[in-house]
Structure formats: structure tokens, C-alpha cells
Amino acid sequence: MVVLPSHLPTVATIGIICPSGYMPIEKVQTCVNTLQGWGYRVQLGKTVGLQYHYFAGTDVERLADMQAMLNNPAIDAILCARGGYGLSRIIDELDFTAFLQYPKWIIGFSDISVLHARLNR
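According to the working numbering, the sequence shown holds residues 246 to 366 in order.
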């Protein structure tokens with residue numbers, strides 16, 4: 246399901262989430278400041294700064310946050326603040342219906358490549 250979103254304009258809204266490992270809000274703030282300095286709008290997901298053991302929240306919380314960003318037509322790109330492990334636990338529960346209607350850039354590494362692979366099937 247390869248879907249290429251349009252060019253990312255400088256007035257784009259970038260959603261930042263943590264669908265895998267925990268990331269302290271203080272570390273994410275540097276990224277937020279940089280993106281805003283470049284003219285982007287930033288929307289933080291509920292998993293940023295959230296911690297449940299090694300993860301950025303429970304599987305249910307991370308799934309809900311990722312699904313909300315995928316479904317939101319106002320989000321132009323999703324920046325996954327951290328890889329690690331955890332996305333593979335929820336990938337089969339994600340619904341890509343709205344994403345296909347409102348494609349967006351998915352930015353991330355490590356565990357996030359599971360999502361990249363799923364989207365390129």
C-alpha cells in the first residue's frame with residue numbers, strides 16, 4: 246500500500262508521538278523548538294513523556310495515540326520520537342483506512358521500520 250503524501254510545506258503540522266520506547270518530554274522539547282523555529286506547527290501526542298516500564302505508555306495508550314495521528318487529516322507528518330521496541334506489539338491493531346485517505350509522512354527509525362515495511366506492502 247505505497248501512498249506518497251504531497252510535499253511537506255513549511256506551514257505543515259507535524260505530530261510527534263512515541264509508539265515504542267519512552268522519551269522524556271525534556272528531550273522532545275528540543276525537537277519541538279527546532280521545528281517551530283523552522284515554521285512548522287507541532288502537535289504532541291499523548292505518549293510523549295508517558296512511561297510504562299520501558300514503553301511510552303501501555304499498548305492500548307500507544308495504539309490509541311498512533312491511530313489518532315494516522316486518522317487526523319490536519320496532521321501532515323508523524324515524527325516518531327523514539328524507536329526501540331514496542332510498535333511491533335501494536336502494528337496488527339492499526340487501521341490504515343483514514344491514512345490512505347489522508348496520507349502523511351512517517352518519520353522514524355529502528356522499531357518504526359516495522360511501520361514503514363507495513364506501509365510498503
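Where is the CB? At the ideal position from N, CA and C, for every residue including glycine.
Query: With contact counted as at least three CB pairs below 8 Å, one residue from each stretch, are the region 300-312 and the region 270-277 in contact?; Result: no
Query: In three-state terms, what does DSSP make of glycine 282?; Result: helix
Query: So is serine 251 buried or exposed if we call it buried at 16+ other beta carbons inside 10 Å?; Result: exposed
Query: Between proline 348 and leucine 295, what straight-line distance do the alpha-carbon atoms span, to the nearest angstrom?; Result: 26 Å
Query: Given a cut-off of 8 Å, decide if valine 359 and serine 333 are closer than it, judged by their beta-carbon atoms.; Result: yes
Query: List the whole-angstrom C-beta distance separating leucine 315 from alanine 343, where the pair is believed to meet the contact cut-off of C-beta under 8 Å.; Result: 6 Å
Query: Starting from threonine 258, follow the beta strand (DSSP E) in both directions and report where the run begins and ends.; Result: 258-262
Query: Fully enclosed by the region 310-364, which alpha helix (DSSP H) runs are 4 residues long or longer?; Result: 342-346 and 358-364
Query: On the criterion of 16 or more Cβ atoms from any shown chain inside 10 Å, does proline 318 qualify as buried, or is it exposed?; Result: exposed
Query: Classify proline 264 as buried or exposed, calling it buried when 16 or more other Cβ atoms lie within 10 Å of its own Cβ.; Result: buried
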